[in-house]
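The structure under discussion appears below in the form of structure tokens.
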Amino acid sequence: MSISSKIKQHLPHEELSVKIWKDEKLKPNIREQLLEIADAFIEYLGISIDVLDITLTGSYANYNYTPYSDIDLHIIIDPKSINRDIDLVEEFLKAKKKLFNFRHDIRVLNIEVELFAQDVNAPSVESGIYSIKDDKWLIKPDKFRSSFDKRNVSKKVRYLRKQINMEIDEAKMTRSTTDLDKLIKKINKMRQSGLEKGGEMSDENIIYKVLRSEGDIQKLYDMRDNIFDIDLSL
Numbered sequence: 213m214s215i216s217s218k219i220k221q222h223l224p225h226e227e228l229s230v231k232i233w234k235d236e237k238l239k240p241n242i243r244e245q246l247l248e249i250a251d252a253f254i255e256y257l258g259i260s261i262d263v264l265d266i267t268l269t270g271s272y273a274n275y276n277y278t279p280y281s282d283i284d285l286h287i288i289i290d291p292k293s294i295n296r297d298i299d300l301v302e303e304f305l306k307a308k309k310k311l312f313n314f315r316h317d318i319r320v321l322n323i324e325v326e327l328f329a330q331d332v333n334a335p336s337v338e339s340g341i342y343s344i345k346d347d348k349w350l351i352k353p354d355k356f357r358s359s360f361d362k363r364n365v366s367k368k369v370r371y372l373r374k375q376i377n378m379e380i381d382e383a384k385m386t387r388s389t390t391d392l393d394k395l396i397k398k399i400n401k402m403r404q405s406g407l408e409k410g411g412e413m414s415d416e417n418i419i420y421k422v423l424r425s426e427g428d429i430q431k432l433y434d435m436r437d438n439i440f441d442i443d444l445s446l
């Protein structure tokens, strides 16, 4: 598929996804299924936690969903209620989340469900948040009134894709992850800056989403992990 076709898939919709929403309310069967999935993840954590809320965020709680979007299911907790060492709690939850999502391919109407334990005090840039626990909007999304610069997005996607491939080829020869890490940081910073200044429809966020949907960003992480494995092997 051409870059132009990929970009068009990220244009905003006029309505929320009819797969999971009806009259701007989560369909009852979808809500029940997501609650069941959340319960399975909570049990998988293997520790006693006080769940403050279970929320749906991301593209499926907004008007910018695409065929590549996940259902972002967040378990809202206060890490301090688990242990005073917040860094330790966060590392534990991240590790559990990665293992759970790696081992299980859970889907709702063929939409992949991505689970995450979220600190209730963490700042959020989400423009749409739905409480599945209470069955109501916490932040109701506005319809996007602006688009993005398709020409600029296409140009930057090509430029970053070339950079990604160059750094991967270089890393194969040098077996160094330094420049891979720098590029990963640069791309993530670009996206975060776009979200903060222009929101979901910023050029930077669309560039990131196109690269992610094409697998370019994952290639960076895969190469970094591969080098790490080689260095520790005999």
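In this note's numbering, each residue carries its 1-based index in the sequence shown increased by 212.
Glycine is no exception: its CB is placed at the ideal position from the N, C-alpha and C atoms.
Ordered list of alpha helix (DSSP H) runs contained in the stretch 281-333, each at least 4 residues: 298-315
Per-residue DSSP class, three states only, for residue 167: The requested residue 167 is not part of the displayed model; the chain covers only 213 to 446.
Compare the beta carbon distance of residue 312 and residue 360 with 8 Å and say whether it is the shorter of the two. no
Would you please state the rounded distance, in angstroms, between the beta carbons of residue 347 and residue 243? I believe it to be under 8 Å. 6 Å
Using only the alpha-carbon positions, how far apart do residue 188 and residue 293 sit? The question about residue 188 has no answer, for the chain in this structure spans 213 to 446.
Quick one: what does DSSP say residue 237 is sitting in, helix, strand or coil? strand
By DSSP, does residue 264 sit in helix, in strand, or in coil? Coil at residue 264, not helix or strand.
Name the two residues that bound the continuous beta strand (DSSP E) containing residue 341. Unbroken beta strand (DSSP E) run through residue 341: 341-343.
Spell out the partners DSSP gives residue 348 in its beta bridges. 343
Cutting at 7 Å between CB atoms, please list the residues of its own chain near residue 364, excluding the five before and the five after it. 415
Going by DSSP, what residue range makes up the alpha helix (DSSP H) through residue 220? 215-220
Buried or exposed, going by whether 16 or more other CB atoms sit within 10 Å of the CB of residue 340? Classified as buried, residue 340 has 16 or more neighbouring CB atoms from the shown chains inside 10 Å of its CB.
Candidates 366, 228, 269, 291: which alpha carbon is nearest residue 419's? Answer by Cα proximity: 366.
Any 3 or more C-beta pairs closer than 8 Å across the stretch 250-270 and the stretch 279-295: Note that the stretch 250-270 touches the stretch 279-295; at least 3 beta-carbon pairs, one per stretch, sit closer than 8 Å.
Helix, strand or coil: which one does DSSP assign to residue 204? Residue 204 falls outside the range modelled here, since the chain spans only 213 to 446, and no answer is possible.
Residue range of the alpha helix (DSSP H) that residue 416 falls in? 415-425
Could you work out which residue in 320, 344, 379, 279 is closest to residue 286 when comparing CA atoms only? 344
Distance, residue 403 Cα to residue 448 Cα: This structure cannot settle anything about residue 448, because the visible part of the chain is limited to 213 through 446.
Determine the direct distance from the alpha carbon of residue 301 to that of residue 214, and round the result to whole angstroms. Roughly 43 Å between the two C-alpha positions.
Please say whether residue 352 and residue 219 have beta carbons closer to each other than 8 Å? no
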